[in-house]
Structure formats: C-alpha cells, structure tokens
Amino acid sequence: MSSLILILGDQLSSSISSLSGADKARDTVLMAEIVEEATYVRHHQKKVAFIFSAMRHFAKELEGEGWRVDYVKLDSSGNSGSFAGEVGRALKRHDVARIKVTEPGEWRVLEMMHAWNAAFDLPVHILPDDRFICSGDEFAAWAEGRKQFRMEYFYREMRRKTRLLMDGDQPVGGQWNFDKHNRKPAKSNLFMPDIARFKPDDVTRDVLTLVAARFGNHFGDLEPFGFAVTRADAKTAFDGFLKHALPHFGDYQDAMLRDEKFLYHAVVSPYLNAGLLDPIEMCRQAEAEYRAGRAPLNAVEGFIRQIIGWREYVRGIYWLKMPEYVTQNYLGASRSLPDFYWTGETEMACVRAAVIQTREEAYAHHIQRLMVTGNFAMLAGVDPAFVCEWYLAVYADAYEWVELPNTLGMSQFADGGLLGSKPYAAGGAYINKMSDYCKGCHYDVREKIGERACPFNYLYWDFLARNKDKLRGNQRLAPMYRVLEKMDEDRLRAIVESAQAFLDGLSSSVGYSALPQPTAKKKKAASLEGAARR
Ligand SMILES: Cc1cc2nc3c(=O)[nH]c(=O)nc-3n(C[C@H](O)[C@H](O)[C@H](O)COP(=O)(O)OP(=O)(O)OC[C@H]3O[C@@H](n4cnc5c(N)ncnc54)[C@H](O)[C@@H]3O)c2cc1C
Ligand code: SF4
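In the working numbering, the protein residues as written are 454 to 987.
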C-alpha cells in the first residue's frame, strides 16, 4: 500500500518513525514550508530561517538516500499555507492509499491531523515519536496516583531505563543528583570558548532572502546567521561543547555574565528539538567523556539530567495535561507584557541583556529565561498567556511541548505547583550573586524601596504579599512568609507603593500592534489592550 509520508519541520531525523518500514520505490515524502506555522505566533526571524533551511537540507539528504521527496517551498506556486491544504494538494499529485506521519509536538497540530481521515477519505497513520525516551502512556502510568509530580523521581526511572551513568542498579558515584556541587556564581574571568557558527551556504542564503522579504517584521535579527542546518554540522557543534564546555557545565550552570551569552551551555536545543541530534546518542557521548576522565561526574550527570530528566518530564506533563494546561493561570495574573520584552528598552540591566541577546541570537540560557525574564513577568503579574506566547515566538528551540510547561509551569507557577514545588521568585540579591549585571545598572541592587531601588526587590515582596492566600501554605515559602509577617507595616506599605509606581509606569502597547499578535486561541487584542492594571 503506497503512502504519503508527511515530515514536519521538527522531524528532521532519518530514523523518524514515519520513515521506518516505508518503501522508497513506492512511497512519497511530503515536506512543506507553511506560512500558517511561521505566523500563528510570529516566530523570531532566525528561527524561521533555521527551520526552513534545515528542512531544505534534510530533503536533499533524503533524496540522496533514494527517497522521492515532494518539497513545497514557501513561495512555490499554489502553496496553500496550511498543512491540510498541502496534504490535500499532494494527494492530487500522488496516487497513494494512506497518509503516514509521526505525531507532532503540538496538541493543535495533532487535533488538525485527527480531522484528516474524514477530510481526505484515507487512512491516516499517526505514529509515536520514538525519538523520546518516555512515551505518553509510560508517563501517564508514572503519574497515575501521584498527588505531586517531581522531576527527580521521574529522572531516576529514566536513568534505570536508559542505563546511563549506572553501576548495576546503583547510580554511578552513589548519588542520583550532583546539583549541590553545581550553581557556582559567575566570576569575571569565566568564559566559554566561542560556540560553533556556520557560514550560510547557497541554500541558507536563499532562505535568508525569503525570510527577510516575508517575515522581516517579525521580532529578532536575521543576520548574522550562524546556526548549523545539517546533522553533520549540528554534531560538530555538539562535539565542540563536549570538548570545551562540558567539563564546566555543572559548576556554572546558573551563572550569568554580561559579555558571555553562552558560558558553558551546550547551545544545541534548536538542533535537538528539530531532530538533527539524537538525545540518547548525546547522553552516551557525554557519559563517555566522564568514563574517559575528561569531564567530572557533576557536569556529566547534570547534563544528562537536563536531557533525560527535564526534557522528557516537561514533554510528559504537556501531553498529560493538554489541552487544559494552556489556560492555567493559578495566580490570576492579568497584566499585559511590557514593551521592553520586544524592544529591550529598560533600565534594568539584567532584563535588557537577556532581551537584546534574545533578539540577536534567538537564544538565552536557562537561568536568563527562568530568573530574569520569567521571574520579572511573574513578579509583575503578567498574564501567563502573553508570557508563553513571547517564549514560543522568540527562541529558536521553542515548540509548544517544551516551551509551555517550562514557561507556564516552571517559570510562572501558573499550574499551581504541578510541575515544580515552588515559584521561582527571587529579588535582586539572587541576580547579583549569580551575575555581573548589577554592576553598572541604573538601579541599586542593595536598595529595597524608592526610585533607584532594584525593581526585583520590591516586586518580590509585593508578589508574596499580593499572592498570600495562594502561596502562604507552600512549605518552601514558609520562611519568606514569616519575614513578611514580621515586617513593619510602614515598610510593607512603602514596598507596595514602590511596586505600584513602577508597574504603573510600564508601557505595554508595542506587543499588540507592530510586533507579534496574540493568537486567536488566547485572548483577543481588544481585551488585551484593556487588560487590568492594578
Ligand atoms: C521560561 C522557559 C522557557 C523555556 N523554553 C524552552 C523551549 O521553548 N525549548 C527548549 O528546548 N527549552 C526551553 N527551556 C529550557 C532551557 O532553558 C533550554 O532548553 C536551554 O536554555 C537550551 O539551551 P542549551 O542547549 O544551551 O541548554 P543546556 O543548558 O546546555 O542544557 C542541555 C540541554 O538540556 C535540555 N534542557 C535543559 N533544561 C531543559 C528544560 N527545562 N526543559 C527541556 N529541556 C531542557 C535542552 O535540550 C538543552 O539543549 C525553557 C526554560 C524556561 C525557564
Ligand atoms: S540591580 Fe536589579 S534590575 Fe539592575 S541588574 Fe541587578 S537585579 Fe537587575
């Protein structure tokens, strides 16, 4: 039975399940650049270019392996701009008896595919994505009956399952998690050798021209463009990480430096999430570095935990909890997203650095995402729908299955503690300890109240006071609430007034007009404009 095999932009692996068992002589692979996907949130220009270029390169590789590939470019004549439209058109070009596709990474797209059987009057085979270690059913079985989910316990299961860093049935080094050896603050002499950047070839150049013409009004700098767009180059980038950065990965995982955008991070998530790199292969390579004595256990364990722990855990939560998950707003946050998330125009040096770096690179590392932009949005009470939309648009690695739980759950506590045990809220002291941003900032990190005080300081206490009913019972916040309760009334009033004055001064208009628009599934622009200010 001949098949039309649809391969999506984040399924660029020749071992993808939709291809396994397929027949090169009989089946046709369909790949299409879809305007609807590039614009349903207005993705960063570099992200669109990365995906289209990687798709074009992957299509060539498949052709080289003998596959018949029907590739529809964005500007190919007749491109309907939607997945359903392109599958429908392809079915007229090819005589096939069924459609095959590996399950997508978004609920929205899966729902779309469920309608194809009826729409096209053909069987549609949606296959599991076996590039992940834990299937949806396996995660659901793990989650069954648990009142609280905790990544650590899930991670141990994944270690046992993969046999990574195991000595028999015990973890190597006698501990599952070496995090307490990590999280060293930044030192000014800390730097990572430059990450691998790749000169655009002719294929990428064509894509860059296309993106500039069609998506030039999206957020983000398109050039210089240095992403790997093939598996071979992505592997080169990852090999560079193993050699130069992995040994320090754990130690400085939470550090931030003004002039070092990448530190000892891998900077491979776009490649991994698009399918150019394989998670298990990466973890085995990292383990080999430890076994060969080239990288310490705390670094290697920390890295492996991010991939088989966090990455799998957030995906499990996404599929378990969608579609309701996207609407969660436990703290009832309702503020619009401040303009500086798009412009970088703020006196807060830490936020400015994270946003400008995001504009330039479509990348910020975890602690910038969590403790700077994410922390600020939560403290300020920004509606999580807007925060999620921002993260989905601006990062080259952002697909909803991974972005949503990280943003809504981990960074905004909008799921009420399902994903993490407490809100990742912090005042300026944390940022000052972990970075060099505060030196030279317009604000004074030691000041708690008043015009020059670091906004994170008063916003932190204001956040705790404002959300007392919902957070007071959280054991991990109990010490902070004890401090708040003992706080002098006048001081608390002054904190709340400082927070109010700062929040009232925020402008939130750009995001709804010139820059990315909220999607229909979320809130309408009109209601956003009037979103409650306290
Ligand atoms: C608010 C917020 C939004 C995020 N959105 C995304 C997103 O859209 N896409 C995405 O891939 N990651 C997201 N993350 C997780 C993490 O920040 C990125 O995976 C990481 O910064 C990617 O950079 P890196 O490759 O240098 O990672 P490293 O720090 O070097 O880590 C190695 C790898 O581990 C994986 N990883 C680490 N932490 C996580 C995590 N929490 N969840 C999933 N995978 C993880 C990534 O694949 C990453 O490439 C988000 C985190 C936060 C706090
Ligand atoms: S003083 Fe406050 S706002 Fe300025 S960089 Fe430090 S934490 Fe950020």
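C-beta atoms are modelled at their ideal positions from N, C-alpha and C, and glycine is treated no differently.
Check: Where Lys640 sits in the DSSP three-state scheme; Outcome: coil
Check: One or two residues paired with Thr555 in a DSSP bridge; Outcome: Leu580
Check: Trp763 Cβ short of 7 Å to ligand 1 heavy atom set; Outcome: yes
Check: Of the listed residues Phe505, Glu798, Pro732, Asp523, nearest to Thr662 (C-alpha basis); Outcome: Phe505
Check: Nearest neighbour of Arg711, chosen from Ser466, Lys892, Val949 [CA to CA]; Outcome: Lys892
Check: Residue range of the alpha helix (DSSP H) that includes Leu956; Outcome: 942–957
Check: Whole-angstrom distance between Ser530 and Gln865, CA atom to CA atom; Outcome: 43 Å
Check: Element boundaries [alpha helix (DSSP H), containing Val562]; Outcome: 560–567
Check: Residues near Leu465 by beta carbon distance below 7 Å, same chain, minus five either side; Outcome: Ala507, Met508, Phe511, Ala727, Gly728, Leu729
Check: Any non-hydrogen atom of ligand 2 within 7 Å of Ala952 CB; Outcome: no
Check: Alpha-carbon to alpha-carbon, Glu754 and Met933; Outcome: 31 Å
Check: Presumed contact (8 Å Cβ cut-off) between Val767 and Pro858, rounded CB distance; Outcome: 4 Å
Check: Expected contact under 8 Å - CB spacing of Glu516 and Val525 to nearest Å; Outcome: So it is not a contact: roughly 14 Å between Cβ atoms.
Check: Near ligand 2: Met801 beta-carbon under 7 Å from a heavy atom; Outcome: yes
Check: Helix, strand or coil at Ser966 according to DSSP, with G and I counted as helix; Outcome: Low confidence applies here, because Ser966 scores a pLDDT of 41, under 50, leaving its location unreliable and the question unanswered by this model.
Check: Completely contained alpha helix (DSSP H) runs for the segment 880–915, where each covers 4 or more residues; Outcome: 881–887
Check: Pair within 8 Å by beta-carbon distance, Tyr883 and Met824; Outcome: yes
Check: Rounded C-alpha distance that separates Leu861 from Asp548; Outcome: 44 Å
Check: Nonlocal neighbours in the same chain, by C-beta distance under 7 Å from Gly869, ignoring five residues either side; Outcome: Tyr783
Check: Pair within 8 Å by beta-carbon distance, Ile586 and Lys614; Outcome: yes
Check: Cα-Cα separation, Asp850 to Ala550; Outcome: 35 Å
Check: Status (buried if at least 16 other CB within 10 Å, exposed otherwise) for Thr826; Outcome: buried
Check: Nearest-angstrom Cβ-Cβ length linking Glu556 and Asp528, presumed shorter than 8 Å; Outcome: Not quite, the Cβ-Cβ distance comes to about 29 Å (not below 8 Å), so this is no contact.
Check: N-terminal and C-terminal residue of the beta strand (DSSP E) that Asp523 is part of; Outcome: 521–525
Check: Cβ-Cβ separation, Gln810 to Lys714 (assumed contact under 8 Å), whole Å; Outcome: 5 Å
Check: Proximal residues to Gln759 (C-beta, below 7 Å), its chain only, five neighbours per side dropped; Outcome: none
Check: Euclidean distance between Cα positions of Ile990 and Phe909; Outcome: Examination of residue 990 is not possible in this model, given that the chain is present from 454 through 987 alone.
Check: Proximity below 8 Å, CB of Phe602 to CB of Leu872; Outcome: yes
Check: Cβ-based neighbour list, Pro646, same chain, cut-off 6 Å, excluding 5 preceding and 5 following; Outcome: His697
Check: Cβ-Cβ separation, Val835 to Leu773 (assumed contact under 8 Å), whole Å; Outcome: Not a contact, Cβ separation roughly 25 Å.
Check: Thr492 (DSSP reduced to helix, strand or coil); Outcome: helix
Check: Host beta strand (DSSP E) of Met485 (start-end); Outcome: Here the sequence assigns Ala to residue 485, which means Met is not the residue at that position. It spans 481–485 - the beta strand (DSSP E) in which Ala485 sits, taken as one unbroken run.
Check: Ligand 1 heavy atom lying under 7 Å from the CB of Tyr848; Outcome: yes
Check: Inter-residue spacing [alpha-carbon to alpha-carbon] between Arg944 and Ser960; Outcome: 27 Å
Check: Ile469 CB to nearest heavy atom of ligand 2 below 7 Å; Outcome: no
Check: Rounded C-alpha distance that separates Tyr965 from Arg495; Outcome: Residue confidence is low: Tyr965 scores 37 on pLDDT, short of 50, so the model does not pin down where it sits. Its coordinate-derived value is still stated next. Straight-line Cα distance between these residues: approximately 12 Å.
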